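In terms of the working numbering, the sequence shown opens at residue 6 and continues consecutively. Backbone N, C-alpha and C fix where the C-beta goes; we use that ideal spot for every residue, glycine too. Source: prediction; values computed, not measured. Remarks on the structure that follows.
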Amino acid sequence: MRPHLKILVIEDAVDLLEQITSSIGNTINYFDRSDVEISLLEASSVAKALQLVREDGDIQAVVFSWDVVARISELSETSLLNLATQGSQQSEGSKAKVTVDDEKPNEEQLSSTGATVENNAKVIDAIKRIRPELPVYVLGDAVKGLDIVNQANGIESFFYRNDIISDPESILGYIINDFDDRNETPFWTEYKDYVVEANDSWHTPGHSGGASFRNSPYISDFYRFFGRNVFVSDLSVSVDSLGSLSDGTHAIGKAQAAVANTFEVRHSYFVTNGSSTSNKIILQTLLREGDKVIADRNCHKSVHYGIIQARAMPVYLDSVFNPEYGIFSPPKMSQIKALIEENTDAKLIVLTGCTYDGLLTDLKQVVKLAHEHDIKVFIDEAWFAYSLFHPALRNYSAIAAGADYITHSAHKVVSAFSQASFIHVNDPDFDKDFFKEVFAIHTSTSPKYQLIASLDVCRQQLEMEGYKILNELLSNVAELKSQMAKFKRLKVLSTDDFAKMFSHFESDNVGHDPLKILIDVSALEYSNQEIHRFLMDEVGLEIEKFTHSTILVLLTLGGMRSKIVRLYNALKRLDDGAVNLSKRKNKSPLPADIPPIQLDDLPSKAFFSKREAIAWQNSIGRTAAGLITPYPPGIPLIVPGQKVEQAHIDYLQALASQKLTVQGIYDGEIYVVDDQE
């Protein structure tokens, strides 16, 4: 399997188009690139070119003849066709989300007559709106070259058209060189080369390339299970050429710079102990004791702990919970606006960009509101790391919205090892030196090189084929939803369903990630545990999450079509009742209202104070010293520094009969501040 470098040539003069492609095509063999397949595509109209860019993810370069006649109708259709050709959810209501249309227009329809575009820079803009990473090489009259460059942004390079016909090697060499630059893996390449050298190990780790495992009659099976490369590539940080993770030097530094370029940010950093640590690093970099931070109550617990570590004062946004399905939405924009205006002295606002169930905040509104008051914006985008790489998702991307700090759990939905995470920084006031000190507090001095290498190749894949993979996944999801629409009892929840659950869904422009398939199973007669057991034991499908009435299926970059077909087959059997499972028992609904958080003091003061354990039923009036989080829905009910009220006890009692997990209750007791202190 080789990478495929497809070069799209756009020229509306048919004879000239053939001449350009023939000239370039005839030079391919001169470059002797057996490691890459190189081919050319032709487009004799802008409409055809945009269709090819949307549909063919193997296109890695565009050669655009500046004198092409582009029609306004061709470009005005671009946004609609972006929606029409991408697989995603379809909104049946008045609010137009991303839709799917199997009937694609033909070239004659696409290139219909109409007024022409005055400046062909708009054509480049249209290409970049679909695939920002695609380099565009402009062919034109040498006399007009400077004017063309001044008119257009996003030009990779300019070439005189006649030179391309007489000396096509010049542009092809340029294209191949740019392709190689984008395809680089600075750390992985050097790391792999070093491992292959098979140097004697006279340093840590103590297993010396696996020798202590390999030569043992007791633990040699551990070596055989994982294989030689796992052990010989487990290196010490003593390898200077590979660089330091904490200092970002040498190969690691180059790899991080490549990530920043791909994600279009000022700085990117590798973290090898998860986004939980990434979140804490950012919070401790930005906050000092007593600083106000506006935070989504439903942020990951690492955010709550990070605020405690920074000794900051949180101002919590309320979570909006739907008890029927056991899911929550992003906070209401009206409350975000109100809390920002009431707390203009806040240093930071922290939100979860994409909830576990795939609900998306319109972050552009948040960034605008926060920046008007010089409040920094930090978005935990753990479950949405691919958002920037497809136009159907990009409008909800934290980076595209202009957030100052973003964390991505690269291991969750894209191609990296567990614990591998990215920190992205776009803050013009970024204190890099202090960040590095905080980074050093949280990061091991012996990071796992395999994790770093996986982050390097993760970037490579997103850069080179992220759009292609996402395009196929979205198409497959659309087909799955279309087929499941025929089911009698199972239902994939749509944007229309979310709009009915949450009153602010449409007014706040809340979105949904279609790769998070939330299925309503409430009409089935079977218990949740039985449904989960059937999917896991009998069909081999591990479900990401389930509530009393839903199951959540995540499609990631590894979501191959055959897996989707197997999922559909299992769901169809459930819907048909062609399974022998235990019946569902009557279940009380989850409480609809979660008591608001009201703090008496800094959470850090309560958390680090002397504490005692008491029965949770007897804790009314006491100050909590730890987080108490029922799951589902996974929203903190009580945080450190909060007085326990009757409403909290009532809520916990309502959950008691449902056998839900409550984190923070230990053998029926919770930790509270010792009143004697």
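Contacts around residue i, its chain only, beta-carbon distance under 8 Å, and the 5 residues preceding and following it disregarded
i	result
G563	S420
Q603	Q647 and K648
A260	T190, P191, F192, W193, F275, I457, L460, D461 and R464
F227	F218
Y573	L485, Q488 and M489
Residue i: first and last residue of the uninterrupted beta strand (DSSP E) it sits in
i	result
V558	T555 to L559
A300	K297 to D301
Y274	H272 to V276
N327	V325 to N327
K11	H9 to I15
P319	M318 to L322
T412	Y410 to H413
S213	Premise fails: S213 is in no beta strand (DSSP E) and is neither H nor E.
H429	S426 to V430
Given residue i as reference, the closest of the options once Cα atoms are compared
i	options	result
Y199	S225, D183, V237 and A52	V237
N327	Q455, D598, L460 and F36	D598
Q622	I633, Q658 and L642	Q658
G639	E650, W71, T628 and L660	L660
I619	R627, F612 and F613	R627
A490	V515, S459 and D525	D525
I670	K352, A630 and D409	A630
I556	R538, R566 and V570	R538
A406	V235, V372, E617 and N220	V372
L479	E650, K197 and M565	M565
D513	Q370, D350 and E477	Q370
Y676	V649, K521 and S171	V649
D63	S81, Q466 and A445	Q466
Y361	V678, P335, Y142 and D239	P335
S339	K496, V515 and Y391	V515
V235	L247, S213 and S221	S213
I522	F507, F551 and A504	F551
S624	Y35, Q651 and I170	Q651
S27	F69, E47, D252 and A131	E47
D605	Q681, G363, E161 and V320	V320
Cβ-based neighbour list, residue i, same chain, cut-off 7 Å, excluding 5 preceding and 5 following
i	result
S609	I313 and R316
Y531	L586, S587, K588 and R589
T666	Y636
S527	S554
G673	A620 and W621
E549	L557, V558 and L559
A611	T628, A629, A630, P645, G646 and V678
P601	D323
Residue span of the alpha helix (DSSP H) that contains residue i, given as start and end
i	result
P396	P396 to R399
A659	Q651 to A661
V644	First-last for V644: undefined, no H or E at that position.
V235	R233 to V237
A315	Segment: none, A315 is in no alpha helix (DSSP H) and carries neither H nor E.
V128	A126 to I135
I29	V19 to G30
Residue-level contact to chain C via CB, residue i, 8 Å cutoff
i	result
S283	Of the chains in the structure shown, none is chain C; there is only one protein chain.
Chain-order list of residues whose beta-carbon lies under 6 Å from that of residue i (same chain, five-residue window excluded)
i	result
V128	V51 and A75
V462	T190 and W193
K100	Reliability fails at K100, whose pLDDT of 35 lies under 50, so the model's placement of it is uncertain and no value is given.
F184	L10 and Q65
R233	none
I380	A351 and I354
L240	Y454
P110	Residue confidence for P110 is low, a pLDDT of 48 falling below 50, so the modelled location carries little weight; the figure read from the coordinates is stated next. For P110, where only same-chain residues beyond five positions count, there are no Cβ hits under 6 Å.
I135	V58, R59 and P396
G215	Y228 and F236
Integer-rounded CB distance, given that residue j should sit under 8 Å from residue i
i	j	result
H447	S426	In fact, because the Cβ distance is near 11 Å, the residues do not count as touching under 8 Å.
L177	W71	Wrong, their Cβ atoms sit about 19 Å apart, outside the cutoff.
R38	I224	Not confirmed; about 45 Å, so no contact.
I77	V122	6 Å
S423	H416	5 Å
S307	K337	That pair is no contact at about 24 Å.
I457	L250	7 Å
H305	T357	7 Å
D542	F389	With 8 Å as the limit, D542 and F389 do not qualify as a contact, their Cβ atoms being about 31 Å apart.
F163	V154	6 Å
Y196	L151	Contact doesn't hold; Cβ gap of about 43 Å is too wide.
Would you mind listing the alpha helix (DSSP H) stretches within the stretch 40 to 76 that are 4+ residues and don't spill past its ends, in chain order? 51 to 60
Beta strand (DSSP E) runs contained entirely in the stretch 486 to 547, provided each spans 3 or more residues: 521 to 525
Contained alpha helix (DSSP H) runs [length at least 4] in the stretch 340 to 405, N- to C-terminal order: 368 to 376 and 396 to 399
Can you give, in chain order, each stretch of the alpha helix (DSSP H) that sits fully within the stretch 137 to 198 and has at least 4 residues? 150 to 156, 166 to 171 and 174 to 187
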